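A quick write-up on the structure given underneath.
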DNA sequence: CAACCACCTGGGAGCGCTCCCAGTTTCGTG
DNA sequence: CACGAAACTGGGAGCGCTCCCAGGTGGTTG
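This is how it looks when you write it as structure tokens:
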């Protein structure tokens with residue numbers, strides 16, 4: 074109960090534009106101009122406003138701003154995978170770091186959206202395509218995921234991380250996996266191996282396919298048979314199983330290109346279990362140049378992809394699109410390079 | 074140029090409440106009531122509104138709503154660490170999964186905020202404490218991080234993941250690291266080891282301290298000296314270096330408790346490099362029960378902590394607080410348990 | 001010195017929603 | 001059958017901001 078005579082304490086909520094204006098002795102409009110760094114404000118006013126903002130600790134109300142500008146100053150990072158796989162993956166960690174770096178300085182927030190296991194994306198699609206975010210970065214593991222395309226079709230600016238298998242025209246950023254596979258094959262050939270196998274990634278992912286195709290190309294360049302192929306998911310156990318399968322089929326193989334370091338680790342385990350020495354009996358090349366590559370013995374020759382750069386580039390591409398920049402490349406391939414270590418010495 | 078006579082196409086933006094109301098033949102208010110599941114709407118109206126919403130594909134404008142309710146329906150996940158460490162860490166991945174699970178069904182978005190390397194948190198603190206999110210989950214690696222406390226002091230509901238070192242009263246959820254360390258020590262004692270060392274985590278983190286203190290307690294229970302202590306960060310190399318240090322100081326040690334599986338992996342590497350066999354010469358216990366524990370040979374005895382549960386509990390605690398629930402526990406400790414594998418057999 | 005322009009400033013309108021209150025209808029009861 | 005209560009409904013106000021336009025002020029020019 075407020076008694077007459079009580080000092081009614083002023084609402085101590087966040088200060089508004091209006092209050093800043095009053096404190097600075099100018100109008101709402103002028104404060105707004107200062108905040109948005111628009112021209113047409115005298116030095117004197119600008120300074121008064123800046124001081125008032127400082128002393129009141131004013132922070133613009135994003136909701137109010139968003140209501141009128143129809144921009145949210147946020148972009149979504151959509152991970153369309155049960156999450157188990159993606160987080161904890163050093164590859165993804167690097168991408169995320171790149172995204173963050175690319176976003177810093179743009180005053181935009183990152184809204185993380187994980188696809189629920191039981192969700193068909195309906196919910197998510199509706200949410201995203203109805204103005205809650207300005208754009209979306211979609212990291213799909215499975216290249217045939219329809220989500221990126223559907224979001225783009227709904228008018229939301231989208232950049233995919235990794236080439237979507239369905240050539241849907243969604244702009245994407247990816248590492249040059251084809252060249253990576255090619256480099257690996259060429260390197261193994263150059264070291265003198267001839268019975269070269271590969272453990273490719275899943276056949277329904279672009280990474281799986283592209284690296285495999287690159288390897289095939291390298292094999293055919295050298296006129297070697299390119300039929301020792303096994304597939305594996307990105308896990309140690311998967312890699313081990315695939316290695317076992319290859320050894321059954323091709324007991325005499327002398328080299329293997331694994332489509333990921335983690336797969337290579339599994340291969341190492343299986344080779345060791347069978348008493349095969351690396352690199353003396355079998356040379357091994359990985360992919361990623363993750364921390365794994367240098368943690369195992371022997372340290373892995375591997376194909377390095379610019380992970381952080383990938384995240385940064387995705388973000389740049391999206392922000393540029395949001396800024397309405399013309400002549401943006403529809404998609405971008407980042408270079409991969411071979412890093413030679415002890416797992417692939419030249420044969421004596 | 075719009076010529077007179079041109080059919081001016083109606084703005085095809087997202088439909089508004091007003092339009093839904095018109096389509097359903099009711100008022101704005103009634104539609105609002107339906108959307109917010111408030112009582113006091115006849116079945117007939119409710120149905121008409123539902124149909125209209127469906128057919129127009131209406132999605133509420135969060136900004137407008139947020140402007141008046143002063144709620145944003147989003148919570149921040151603050152990772153106050155350069156990110157390099159945190160993402161890619163399977164521990165964090167599990168926590169994140171738990172957070173997501175805890176959030177699903179609450180209609181709240183997760184806004185990811187990584188602390189920039191060069192930032193002192195000023196920016197972040199200002200942003201967070203001025204109404205941009207309803208609450209924050211703070212995952213700090215370093216326990217003396219002032220951020221959780223400062224956010225809470227600014228009036229933002231905050232739950233910390235991991236015990237903040239400065240006993241600032243911020244509610245937190247953590248694994249029972251003390252008991253974990255205790256269990257590890259007791260187990261090693263029970264298997265017949267007597268010269269037991271530990272590689273603790275960093276001394277400025279609660280995990281480092283609590284696990285160490287638990288181990289010390291276990292050692293003193295058994296009237297064993299608890300002075301073979303080295304510290305390490307959470308990395309393979311750090312673990313190896315610490316192991317080396319311990320072996321210099323205590324050449325005859327027969328067991329080591331590493332405060333993390335990744336540290337244990339480093340220890341294994343160093344032991345192997347020095348020709349010491351695990352478990353014959355030295356028994357090893359890890360912590361986390363991460364995928365690492367079962368990837369190495371021999372598979373590690375380790376202390377399991379309920380990682381996903383941790384994330385879920387943090388989220389639950391925060392949402393409960395936001396909902397204004399009374400009698401919330403200020404902080405919560407989740408149980409840890411020992412998982413025995415081949416790295417710690419009883420001595421013959 | 002009138003006329004003009006460039007520069008700056010302030011206030012009104014309105015973004016889409018929730019909340020409040022006043023009205024209207026419907027129903028149960030004496 | 002009248003009356004009050006309960007159930008439902010609709011419109012106004014206003015959240016804090018941006019955008020637009022109508023002014024005001026000063027300086028330059030013919």
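Residue numbers (my numbering), protein chains in the order written: chain A, 74 to 421; chain B, 74 to 421. We put the beta carbon where it would ideally sit given N, CA and C, even for glycine. What you are looking at is a predicted structure, and each value in this text was computed from that prediction instead of being measured.
Exercise. What's the C-alpha gap between residue 353/B and residue 167/A?
Worked result: 39 Å
Can you pull the chain B neighbours of residue 182/A, defined as C-beta to C-beta under 7 Å? 184
| said: With DSSP as the reference, identify every bridge partner of residue 374/B, one or two as the case may be. | reply: 358/B
| task | Count the C-beta pairs between the region 174-186 of chain B and the region 245-257 of chain B that are closer than 8 Å, then say yes if the count reaches three, no if not. | result | no
Note to self: Between which residues of its own chain and residue 268/A is the CB-CB distance below 6 Å, once the five residues before and five after are set aside?
What the structure shows: 325, 326 and 327
Item checked: CA-to-CA distance, residue 332/B to residue 311/B, given in whole angstroms -> 12 Å
* **Test item: CB-CB of residue 303/A and residue 285/A under 7 Å** => no
Contact with chain A by residue 166/B, beta-carbon distance below 7 Å: yes
Check whether chain B comes within 7 Å of residue 307/A, counting only Cβ atoms and requiring the distance to be less than that.
no
* Figure out for me which residue from 348/B, 247/B and 371/B has the closest Cα to the Cα of residue 280/B. => 247/B
Taking DSSP as the reference, what is the three-state secondary structure of residue 304/B? strand
Just mark residue 142/B as buried or exposed, buried being the case when its beta carbon has 16 or more other beta carbons within 10 Å.
-> exposed
Quiz item: Where does residue 217/A land, buried or exposed, given buried means 16+ other C-beta within 10 angstroms?
Solution: exposed
**Whole runs of the alpha helix (DSSP H) within the region 219-274 of chain A, excluding any shorter than 4 residues** = 220-226 and 250-263
Mapping the DSSP letters down to three states, classify residue 330/A as helix, strand or coil. strand
*How is residue 404/A classed by DSSP in three states: helix, strand or coil?*
strand
Contact check, residue 315/A vs residue 292/A, beta carbons under 7 Å: no
Practice problem: Confirm, please, whether the CB-CB distance from residue 358/B to residue 374/B is below 7 Å. | Solution: yes
So with CB distances below 7 Å, who are the chain A contacts of residue 139/B?
136
Q. Between residue 368/A and residue 369/B, is the Cβ-Cβ spacing less than 7 Å?
A. no
Verify the CB distance criterion: does residue 365/A have a CB-CB separation below 7 Å to chain B?
no
Please list, in chain order, the chain A residues whose beta carbon lies closer than 7 Å to that of residue 87/B.
203 and 204
For residue 188/B, which of helix, strand or coil comes out of DSSP? coil
- prompt: Of all the CB atoms in chain B, is at least one closer than 7 Å to the CB of residue 380/A?
  reply: no
Checklist line | Outcome for residue 111/B when other beta-carbon atoms lying within 10 angstroms are tallied against a minimum of 16 | finding: exposed
Task: Cβ-based contacts, 8 Å cut-off: residues of the region 113-135 of chain A near chain B - done: 130, 132, 134 and 135
- Quick one: using the 10 Å Cβ neighbour count with 16 as the cut-off for buried, is residue 173/B buried or exposed? buried
Requested in this report: Could you confirm whether any beta carbon from chain B is found closer than 7 Å to the beta carbon of residue 160/A?
Outcome: yes
Simplified DSSP state of residue 420/A, which is helix, strand or coil: coil
- Where residue 349/A meets chain B, residues with beta-carbon distance less than 9 Å: The contacting residues do not exist; residue 349/A stays about 16 Å from chain B at best.
Under 8 Å, with one C-beta from each stretch per pair, do the region 121-129 of chain A and the region 99-109 of chain A reach the 3-pair mark?
yes
Would you decide whether residue 91/B is buried or exposed? Buried here means 16 or more other CB atoms lie within 10 Å of its CB. exposed
Exercise for the section: In the DSSP assignment, find the alpha helix (DSSP H) that holds residue 281/B and state where it starts and stops. Expected result: 279-294
Does any residue of chain A bring its CB to less than 7 Å from the CB of residue 210/B? no
Checklist line | Option in 405/B, 271/B and 386/B with minimal Cα separation from residue 449/B | finding: Limits of chain B in this structure are 74 at one end and 421 at the other, which puts residue 449/B out of reach.
Just checking my contact of residue 231/A with residue 211/A at CB under 8 Å: how many whole Å lie between their CB atoms?
6 Å
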